[in-house]
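Residue 1763 in our numbering sits at position 309 of the sequence shown, with consecutive numbering throughout. Here a beta-carbon is modelled for each residue, glycine too, at the ideal position from N, C-alpha and C. Let me begin by presenting the structure, written as structure tokens, before commenting on it.
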Amino acid sequence: MLDEIPRIKLAHLPTPIDEAKRLADKYGFKKLLIKRDDLTGFAGGGNKARKLEYDFAEIVKGDFDVVLTAGGIQSNHARMTAAAARKYGLDVKLVLGGPDFNEYEGNLLLDVLFGAEIRYLVNDDANDHLTSEMNKWAEELSKKGRKPFVLPIGGSTGLGALGYVKAIQELSEQLTDKKVQIIMAVGSCGTFAGSILGAKMFLPEVRIIGISVSRTKEAIVQRTKEIIIESTEILKQKINLNEIQIECYDEYFVEYGLITDEGKNAILECANLEGILLDPIYTGKVMAGMIDLVQKKIIDPDITTIFLHTGGLPILFSFESDFARIANCTKIYL
């Protein structure tokens, strides 16, 4: 049934798996792999490409002329939605929120390059406020005769989550050892929900572990279950949620969008030991969480561990001041 769901091509798939031997040696993992979904290619790469392949199949099929979505100031989803809309000849409107700013950096700059019109909620990135403003804008556009499609924050719908059901199927074909544990970021819950459902279908021995970057564990469990139900309805499958374990940890972020000391150290470790770049909002915090969980013996170091790299490279360029101070640079004037 999964292969019968309409889908357009945005991502370069399958994404590779890299072995992180030096990180593994330092922190005691028997085997640590990185699933490189930062290399999906489209519009700077990242996990959102997989979800948008399903969402935009619906959008392109419909009679829409403008796409609206919402997110934080450095939203990967907003950036990739803007790019996908432009690729298919559609107008794009973004409702973003967060700290006030003077310069357009990181994903926000790319949103500008993709020609997105932006409404920005200063010092406010609450999901309900962003969603309310987005819906209000869609109503305005409808009254003007436009045909808007509203894509929820993070693209986290039952349809979009199928991108990660498909991703786990892809991963199952890449692995020889099927008993693994997968560590991933959890924000709007679509990637997490799709991965859990995909594991149920294609990798039943896998353990999925989520690291929250924005929500409480309780909120994540509730929203993840809702998305899983939506996805199974699309797939016309029945599922017993009592048989699905949702494992998530919410102690590795302070506030969405802010860098943590542990996340910063994890970014530097990964860059210097593996030559792989993480970001301060998502993957840096997840790497820090993974390291802490293995040190606490919550993650079994003897079982192959897969770190799902969900992308976010452009975000790094909005945190220049946090990393410039460690620069080892001598200026020479001739």
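Uninterrupted beta strand (DSSP E) stretches at least 3 residues long and entirely within the stretch 1487-1570 occur at 1520-1526, 1545-1552, given in chain order. With respect to the 9 Å criterion, glutamate 1512 and leucine 1613 are classified as neighbours on the basis of their beta carbons. Proximity of the stretch 1620-1629 to the stretch 1597-1605 falls short of the contact definition, fewer than three beta-carbon pairs being nearer than 8 Å. Taking the Cβ atoms as the reference, valine 1549 lies roughly 11 Å from leucine 1605, outside the contact range of under 8 Å. By a beta-carbon distance limit of 8 Å, glycine 1609 contacts lysine 1502. Their separation comes to about 6 Å. Judged by pairs of C-beta atoms under 8 Å, the stretch 1641-1653 does not touch the stretch 1535-1545, as fewer than three such pairs exist. Where tyrosine 1618 is concerned, the enclosing alpha helix (DSSP H) starts and stops at 1616-1628. Excluding its 5 nearest sequence neighbours in each direction, threonine 1737 has C-beta neighbours in its own chain below 7 Å: Ala1639, His1763, Thr1764, Gly1766, listed in chain order. Straight across, the Cα-Cα distance linking glutamate 1594 with valine 1566 is about 22 Å. DSSP, read as helix, strand or coil, puts glutamate 1701 in strand. Rounded to whole angstroms, the separation of the alpha carbons of lysine 1785 and lysine 1484 is 42 Å.
The shortest CA-to-CA distance from phenylalanine 1771 to any of Lys1679, Leu1564, Phe1603 is the one to Leu1564. For alanine 1639, DSSP records a beta bridge to Ile1665. In the displayed model, glutamate 1473 falls within a strand according to three-state DSSP.
For isoleucine 1760, the enclosing beta strand (DSSP E) covers residues 1759-1763. The secondary-structure analysis by DSSP pairs valine 1604 across a beta bridge with Leu1522.
Pairing phenylalanine 1761 with isoleucine 1637 gives a Cβ-Cβ distance under 9 Å. By the CB criterion at 9 Å, leucine 1506 and glycine 1648 fall outside the cutoff.
Going by C-alpha positions, tyrosine 1481 is about 8 Å away from glutamine 1749. Contact between the stretch 1654-1674 and the stretch 1690-1707 is present: three or more C-beta pairs spanning the two stretches fall below 8 Å. When C-alpha distances from arginine 1476 are compared across Ile1730, Arg1573, Ile1780, Leu1747, the shortest belongs to Ile1730. When DSSP states are grouped into helix, strand and coil, leucine 1712 belongs to the coil group. A straight line joining the alpha-carbon of aspartate 1733 with that of aspartate 1491 spans about 13 Å.
By the neighbour-count criterion, in which 16 or more other beta carbons inside 10 Å mark a residue as buried, aspartate 1579 falls on the buried side. Proline 1768 counts as buried, since no fewer than 16 other beta carbons sit within 10 angstroms of its beta carbon.
Methionine 1744 and threonine 1678 have their C-alpha atoms spaced approximately 20 Å apart. In the displayed model, isoleucine 1753 falls within coil according to three-state DSSP, outside both helix and strand. For aspartate 1509, the closest C-alpha among the options Gly1525, Asp1554, Phe1603 is that of Phe1603. Per DSSP, the beta bridge partners of arginine 1573 are Val1549. Taking the Cα positions, alanine 1524 is about 7 Å away from threonine 1585. With a 10 Å radius around the Cβ and a threshold of 16 neighbouring Cβ atoms, glycine 1717 comes out buried. The alpha-carbon of lysine 1633 is positioned some 8 Å away from that of proline 1658.
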